[in-house]
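Encoded as structure tokens, the structure appears first; notes follow it.
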Amino acid sequence: MDTQGRADLCFPQLFNTSCKKPTTPLSQVLLFHILMPSMSLLTVTLNLLVIIAVSHFRQLHSPTNILLVSLAVADFLTGLLFMPGEILRNTECWFLGQLTCSLYNYVSYIIASASVGNMVLISVDRYVAICDPLHYPTRITKRRVKLCVCLCWLCSVFYSYVILIDDLSQPGKHNSCFGECIIFVE
1 MDTQGRADLC FPQLFNTSCK KPTTPLSQVL LFHILMPSMS LLTVTLNLLV IIAVSHFRQL
61 HSPTNILLVS LAVADFLTGL LFMPGEILRN TECWFLGQLT CSLYNYVSYI IASASVGNMV
121 LISVDRYVAI CDPLHYPTRI TKRRVKLCVC LCWLCSVFYS YVILIDDLSQ PGKHNSCFGE
181 CIIFVE
């Protein structure tokens with residue numbers, strides 16, 4: 001009976017300082033191990049196609065498409081980094097260490113906030129195109145769009161930096177046990 005109890009721990013060699021492995025129903029495990037990797041692969045593939053298409057064809061280098069490429073990059077990174085990390089976090093013990101946990105959360109916040117920022121920029125672009133179509137070419141230029149995209153990504157990095165500094169100053173402050181990866185924002 002003792003060996004069965006230790007087999008359910010994330011790190012049995014640590015005895016009392018270790019967490020129990022997440023216990024999830026079989027249906028949820030199957031969902032996470034079949035559906036999520038498929039969605040991740042689809043996300044990576046389709047966004048990579050958008051990035052390649054717009055980058056390769058010169059006639060697609062318009063201000064709107066620059067915004068779409070920035071969003072595609074954010075979504076590509078979501079499928080490549082965020083989705084597999086969430087599969088690991090929700091179905092297994094976090095065995096990559098506290099520093100990797102902090103960096104994973106940092107990158108996840110950057111990607112998510114950049115994605116939202118890009119959607120806002122696309123909305124503004126479409127608003128100007130619909131409401132003021134005669135002045136659109138003079139107001140929305142490639143140079144301005146590139147500047148806005150850079151500012152969007154920089155703001156995402158600085159926003160996430162505050163969270164990273166807090167997490168790195170007191171690593172594991174909010175973790176209830178070794179082998180857990182959570183982020184707590186006060």
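Last residue of the sequence shown? That's 186 in full-length UniProt numbering, and every number before it is there in order.
Where is the CB? At the ideal position from N, CA and C, for every residue including glycine.
Owing to the predicted nature of the structure, the values given are computational and were not obtained by experimental measurement.
Exposure label - residue i; buried when at least 16 CB within 10 Å
i           : result
T78         : buried
N16         : In this predicted model, N16 has a pLDDT of only 49, less than 50, meaning its place in the structure is not dependable; the value taken from the coordinates is given anyway. Looking at its Cβ environment, which holds fewer than 16 other Cβ atoms inside 10 Å, N16 is exposed.
V44         : buried
L168        : exposed
Q170        : exposed
C131        : exposed
L67         : buried
residue 188 : The chain is shown only over 1 to 186; residue 188 falls outside these bounds and no answer can be derived.
I165        : exposed
Y104        : buried
Y127        : exposed
F76         : buried
V124        : exposed
P63         : buried
I110        : buried
I34         : exposed
V145        : buried
Presumed contact (8 angstroms Cβ cut-off) between residue i and residue j, rounded CB distance
i    : j    : result
A72  : A114 : Contact flag wrong, Cβ pair sits at about 11 angstroms.
S156 : G117 : 6 angstroms
S160 : Y106 : 5 angstroms
I87  : V69  : Rounded, the Cβ-Cβ distance is 27 angstroms, inconsistent with contact.
L121 : C152 : 6 angstroms
T91  : V29  : 6 angstroms
S102 : F82  : With 8 angstroms as the limit, S102 and F82 do not qualify as a contact, their Cβ atoms being about 15 angstroms apart.
N65  : V54  : 5 angstroms
Closer than 7 angstroms: residue i CB and nearest the ligand GDP heavy atom
i    : result
L151 : Summarising the ligand content, the structure contains no ligands, and the ligand GDP is consequently not present.
Proximity test, Cβ basis, 8 angstroms: residue i and chain B
i    : result
I130 : Looking at the structure shown, chain B is missing, and only one protein chain is on hand.
Inset, instruction - Kindly provide the ranges of any alpha helix (DSSP H) runs that are 4 or more residues long and lie completely inside the region 92-157, ordered along the chain. - result: You should have 98-131 and 136-139.
Inset, instruction - Taking only runs that begin and end inside the region 44-95, name each unbroken alpha helix (DSSP H) of 4 or more residues, in chain order. - result: For the alpha helix (DSSP H) assignment, the uninterrupted runs of no fewer than 4 residues enclosed by the region 44-95 are, from N- to C-terminal side, 63-77 and 83-91.
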